Amino acid sequence: MTTAERKEISRRIALLERATALFDRFGSLVPVVIAFLNHWPTEVQLYPQWQVGESWRFFLSLYLYWFASFALGRAISFAKGSIEP
1 MTTAERKEIS
11 RRIALLERAT
21 ALFDRFGSLV
31 PVVIAFLNHW
41 PTEVQLYPQW
51 QVGESWRFFL
61 SLYLYWFASF
71 ALGRAISFAK
81 GSIEP
């Protein structure tokens with residue numbers, strides 16, 4: 001791999017890292033907005049009411065977005081490690 005290719009890949013990884021940082025910071029707002037637009041209940045409910053109600057969707061979507069943010073961060077760390085000479 002030439003120095004120019006390595007520099008271009010590093011630039012793209014840095015761009016992805018900045019996008020991941022923004023997703024990590026504001027990604028949890030996406031399920032909240034979706035919940036309010038779909039009129040899902042967002043208050044914390046007890047376990048028996050979770051089965052009857054639909055608040056589980058809200059919490060599941062928060063965890064899914066958190067997991068996606070974590071996976072993006074790990075992918076960037078692996079990409080940085082693989083580009084090192």
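In this text, residue positions in the sequence shown follow the UniProt record's numbering: the first is 1, and each later residue adds one.
We treat Cβ as the ideally placed atom computed from N, Cα and C, and that holds for glycine.
Here the structure is a predicted model, which is why all the values come from computation and not from measurement.
Annotation: residue 24 to residue 12 spans about 18 angstroms, alpha carbon to alpha carbon. When the five nearest sequence neighbours on each side are left out, the beta carbons in the same chain lying within less than 7 angstroms of the beta carbon of residue 16 are those of 76, in order along the chain. The DSSP-derived three-state label of residue 28 is coil. Rounded to whole angstroms, residue 37 and residue 65 show a C-alpha spacing of 17 angstroms. Counting the other CB atoms within 10 Å of its CB gives residue 67 a total below 16, which places it among the exposed residues. The criterion of a C-beta distance shorter than 8 angstroms is satisfied by residue 9 and residue 83.
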